[in-house]
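These notes concern the structure reproduced below.
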Amino acid sequence: MSSANARRPTALVTGASSGIGLELARLLAADGHDLVVVARSREALDRLAAELHAAHGTVVTVVPADLADPAAPKAVRAAVDGAGLTVDVLVNNAGFGTYGRFTDIPLAASLGLLQVNVAALVHLTKLFVPDMVARGRGRVLHVASTAAFQPGPLMAVYYASKAFVLSFSEALANELAGSGVTVTALCPGPTRSGFQARASMESARLVSGTMPMMDSADVARIGLRGLRRGRRIVVPGLVNRILAQSVRVAPRRLTTAIARAMQERKAVAPGREA
Ligand SMILES: NC(=O)c1ccc[n+]([C@@H]2O[C@H](COP(=O)([O-])OP(=O)(O)OC[C@H]3O[C@@H](n4cnc5c(N)ncnc54)[C@H](OP(=O)(O)O)[C@@H]3O)[C@@H](O)[C@H]2O)c1
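Each residue of the sequence shown is one higher than the one before, counting from 0 in numbering that gives the first Met the number 0.
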């Protein structure tokens, strides 16, 4: 196998079929990385592979996988090994939210969310990071959320999953200090992507005009800049950074109540219903 200096670095991006992950994949390819892209939508991944090969000559290995299946991370690792690849940059981005009262959301949806947002992220980290440590170099980007900073009524399990991702990432970054491997938690605020439709939360105040929404491409660019610098936490956007800081000093009951107010459906004026 060629030495690490002779080959192009390889980045593995989960959730590369849409939104922030798609833009992360585009930027990593433009930056000279070959890619392993993971998501359920094979067609979207194939389109991305063709686009990036045409634009940059990127070698893209497409690995369709449903990360809600506990066996998927091992299958992803087997696909990487089968292609003879070494992962230099691991981007755990795949994730989704469920919207509504916890008691109304089917248990399978909540457990599926935890499998994708939390368990698959931990599993993939375990499968790839020890090799990075052995090589003395590597970069890990975990896509958390500003949801990580406070509880989120009406998206209770989603917010808690992102609190896990942030906590896990910071602890791992501490453990790996000096190893040559960095861990960055990217914490976007509301961002235009497929996320809101999948969570059926388009009418929640948070994403229906009350708060500024960022573009996925801007979030990805800021996230990768933080990754290159080895930053532990990256919160894109000034408003998001101010809010993330303010919840640290405010009483938890208050921040929880404010999050609830932002998650409630926006009132529709009479006669304006669709
Ligand atoms: N948009 C926001 O406002 C926002 C804010 C903060 C954090 N985030 C986080 O950003 C990350 C990316 O989300 P996004 O906003 O870019 O939303 P998105 O456009 O819906 O993209 C989500 C990605 O995750 C993949 N994914 C979802 N479920 C999967 C599964 N079971 N197996 C494999 N892949 C799966 C999707 O691919 P397939 O559907 O093809 O499987 C897609 O590529 C998520 O972790 C999300 O929590 C989003």
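Ideal Cβ placement from N, Cα and C applies to all residues, glycine included. The structure presented is a predicted model; accordingly, all values stated were derived computationally and were not measured.
Shortest Cα-Cα distance from His141 to any of Arg252, Met131, Leu120 and Val156 involves Leu120. Going by C-alpha positions, Arg224 is about 9 Å away from Arg230. Checking the 7 Å criterion, the Cβ of Leu66 is within range of a heavy atom belonging to ligand 1. Fewer than three beta-carbon pairs drawn from the segment 75-87 and the segment 45-56 are found closer than 8 Å, and the two stretches are therefore not classed as touching. Going by DSSP, Val206 is part of no alpha helix (DSSP H) at all; its letter is neither H nor E. Taking all protein chains in view, the Cβ of Pro187 is crowded by 16 or more other Cβ atoms within 10 Å, so the residue is classified as buried.
With fewer than 16 other CB atoms across the displayed protein chains lying within 10 angstroms of its CB, Lys265 is exposed. Put simply, of Ala184, Ala249, Ser192 and Val164 the residue whose alpha carbon is nearest the alpha carbon of Arg228 is Ala184.
Note that the C-beta distance between Ile221 and Val233 is below 8 Å.
The C-beta separation of Ser168 from Val182 comes to about 5 Å, placing the pair in contact by the 8 Å criterion. Take Ala43, set aside five residues on each side of it, and the residues of its chain with a beta-carbon closer than 6 Å to its own are Ser16, in chain order. Checking the 7 Å criterion, the Cβ of Arg39 is within range of a heavy atom belonging to ligand 1.
Under the three-state reduction of DSSP, Leu34 is assigned to strand. Leaving aside the five residues that flank Ala133 on each side, none in its chain has a CB nearer than 7 Å to its CB. Remark: C-beta atoms of Ala93 and Gly18 do not approach each other more closely than 8 Å. Under the DSSP definition of a beta bridge, Met213 partners with Thr190.
Non-local C-beta neighbours of Glu201 in its own chain, meaning closer than 8 Å and more than five positions away in sequence, comprise Gln195 and Ser207, ordered along the chain. Checking the 7 Å criterion, the Cβ of Ser202 is out of range of every heavy atom belonging to ligand 1. Distance from the C-beta of Arg197 to the nearest heavy atom of ligand 1 is below 7 Å. Bridge pairing for Gly137: Val180 [DSSP]. Take the alpha-carbon of Gly137 and the one of Gly31: they are about 15 Å apart.
In terms of side-chain proximity, the C-beta atom of Ile241 is found no nearer than 7 Å to any non-hydrogen atom of ligand 1. Put simply, of Ala82, His55, Ser144 and Asp80 the residue whose alpha carbon is nearest the alpha carbon of Ala243 is Ser144.
Rounded to the nearest whole angstrom, the C-alpha separation of Thr190 and Arg41 is 24 Å. Take Ala146, set aside five residues on each side of it, and the residues of its chain with a beta-carbon closer than 6 Å to its own are Tyr158 and Lys161, in chain order. Check the Cα spacing between Ala38 and each of Pro129, Val115 and Gln149: the tightest is with Val115.
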